[in-house]
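Visitor: Got a structure for you, questions after.
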Amino acid sequence: MSASRLSTLLGKSILRPAPINASRRMASTLRLPRTSLLQRADVSPPYPKKPSFTTSPYNEAMGNIKSQAKMVAKITGYTVVSVTTAVAFVWQLTHWYIECMMSPTPPELGYQARNLLHGAYIRETLAPNFEVASFYVREALRIALEEKQLEESSNTVIQLRLRLAHDEAHAGNLLDAITEYTRSWKLLIGKGDHTREAVEAAKHIGDLYLRISDYEHAEEFLAWALHNAQDDNTLKSKITLTLASLYALQRNYQLALPLLSETLKTVPETDACLRAIVQNQLSEVMFGLGKVDEAMGWAQAAINASASDLKNQDCLECGGVASNNLGKMLELKGEFDEALEYYNQAVNYSLSVHDSESRDRYILNHERVKEMLKNKTE
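Printed below as a string of structure tokens:
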């Protein structure tokens, strides 16, 4: 190819204009507005939000404290609501259980009085406090008489009075107990009721008069109870035993001894605790008559009988009294080692029945003999 032709071709290619469509596309791309390039501006940016800064550390601290306080208050609120709900459920379940399974109450007393009696049941059995129990029963009795307008002679009111008398007696309020038992007994007699319930009320009255050393009234109620006991041998034995105790306290041993001997014959073989109580009374009467060896024999028999049922309150109390009595008799005979052993046994019995008054007396005897033995060895 000649040089002149090559230069001509090169000149044409340089001077040829660019395609119109391509140039337009490039120009339109360069001229696109920024908004068209950011069509997804509504989508969150892929990078984290810029942190905010404050020039006041105090305000920032207070904000954190308020936030934490709100969270604590919320947690506390939820906890209080949960605990309150649980307590209310357990409380209602306890009342339901006592009402249906343990100690049903008369429906005519109403909701409040029945709940009071449930509380009294707990204070009588599960967590003993007879002062509180008597308060609950007295309030239930007030509701029955004043709000529910029940008759004094109604069986519900009489049962409430008997229960109140029982709690007052165990709380140590002997005069109040005598008052309530006497009212109940008179109401029962007024209805012509000379059944076991009236006899038991009279016996309780006699027991309480005996405890306050009013022997005349004690003998009156015990004699009435014995006369109306009918064919209940166990109840007769208990009444006769109390009457014999009355005569023994009056040092009228000649009357007490035949009553106790007769009572011992009628005590059922299955009632080991009652047998132990009678044997202990015989021991005390024999000691009063000056028959020390026989008294020691009956005391040992009472201890043996009490040991046959250590889950029974009467057996535990009798075992403590009989052990203490035998310890005294051994001490009088100069047998201090054996006396110390029985005094210690009496203390252990008193711990089982939570009898602080008797325990203090038994401990005093124990410490006295212990000191005597110590001085003797020195």
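Residue numbering for the sequence shown follows numbering that gives the first Met the number 0, starting at 0 and increasing by one per position. No residue lacks a Cβ here, since even glycine has one placed at the ideal position from N, Cα and C.
1) Report yes if the C-beta distance between E179 and L187 is below 8 angstroms; otherwise report no.
2) Using beta-carbon positions only, say whether L225 and I238 come within less than 8 angstroms of one another.
3) Shortest alpha-carbon distance to R182 belongs to which of A170, R160, N172 and K190?
4) Comparing C-alpha positions only, which one of L288, M70, E199 and L329 sits nearest to N227?
5) Measure the C-alpha to C-alpha separation of S152 and K190 and round it to an integer number of angstroms.
6) Could you check what DSSP says for I19 in three-state terms: helix, strand or coil?
7) Taking DSSP as the reference, what is the three-state secondary structure of R39?
8) Out of G289, L174 and L234, which has the shortest C-alpha to C-alpha gap to S212?
9) May I ask you to report which of helix, strand or coil DSSP gives D231?
10) Going by CA-CA distance only, name the one from F129, L331, R367 and H216 that's closest to G289.
11) Ordered along the chain, which non-local residues of its own chain (more than five positions away) have a Cβ less than 6 angstroms from that of F129?
12) Just how far apart, CA to CA, sit S244 and K327?
13) Given A222, which residues of its chain have a CB within under 8 angstroms of its CB, disregarding the five upstream and five downstream residues?
14) Which residues bound the alpha helix (DSSP H) around N364?
15) In terms of residues, what are the limits of the alpha helix (DSSP H) holding T178?
Guide: Considering the structure as presented:
1) Within the sequence shown, the letter at position 180 stands for residue 179. Within the sequence shown, the letter at position 188 stands for residue 187. No; because the gap between Cβ atoms is not below 8 angstroms, this pair is not in contact.
2) One-based indexing of the sequence shown puts residue 225 at position 226. One-based indexing of the sequence shown puts residue 238 at position 239. The Cβ atoms of L225 and I238 lie closer than 8 angstroms to each other.
3) Against the sequence shown, residue 182 aligns to sequence position 183. When only C-alpha atoms are compared, the closest one is R160.
4) Translated into the one-based positions of the sequence shown, residue 227 becomes position 228. Here the closest residue by C-alpha is E199.
5) Sequence index remark: in the sequence shown, residue 152 carries index 153 (1-based). Sequence index remark: in the sequence shown, residue 190 carries index 191 (1-based). Rounded to whole angstroms, S152 to K190 spans 8 angstroms at the Cα level.
6) Taking the sequence shown and counting its residues from 1, one reaches residue 19 at position 20. In this prediction, I19 scores a pLDDT of 47, lower than 50, which makes its location untrustworthy; the coordinate-derived value is nonetheless stated afterwards. In the structure shown, I19 sits in a helix (DSSP, three-state: H, G or I).
7) Against the sequence shown, residue 39 aligns to sequence position 40. In this predicted model, R39 has a pLDDT of only 47, less than 50, meaning its place in the structure is not dependable; the value taken from the coordinates is given anyway. The DSSP-derived three-state label of R39 is coil.
8) Locating residue 212 in the sequence shown gives position 213, counting from the first residue. If we check each option's Cα against that of S212, L174 comes out closest.
9) Indexing the sequence shown from 1 puts residue 231 at position 232. In the structure shown, D231 sits in coil (DSSP, three-state: anything other than H, G, I, E or B).
10) The sequence position of residue 289 within the sequence shown is 290, counting from 1. For the residues F129, L331, R367 and H216, the minimum Cα distance to G289 belongs to L331.
11) Numbered from its first residue, the sequence shown carries residue 129 at position 130. These residues qualify, in order along the chain: D166, H169 and A170.
12) Reading the sequence shown from its first residue, position 245 is the one you call residue 244. Reading the sequence shown from its first residue, position 328 is the one you call residue 327. Going from the Cα of S244 to the Cα of K327 covers about 19 angstroms.
13) Here residue 222 is taken as the residue at index 223 of the sequence shown, counted from 1. Answer for A222: L242, listed in chain order.
14) If you number the sequence shown from 1, residue 364 lands on position 365. Note, N364: alpha helix (DSSP H), S355 to T376.
15) Stepping through the sequence shown from its first residue, residue 178 is reached at position 179. Segment L173 to G189, the alpha helix (DSSP H) holding T178.
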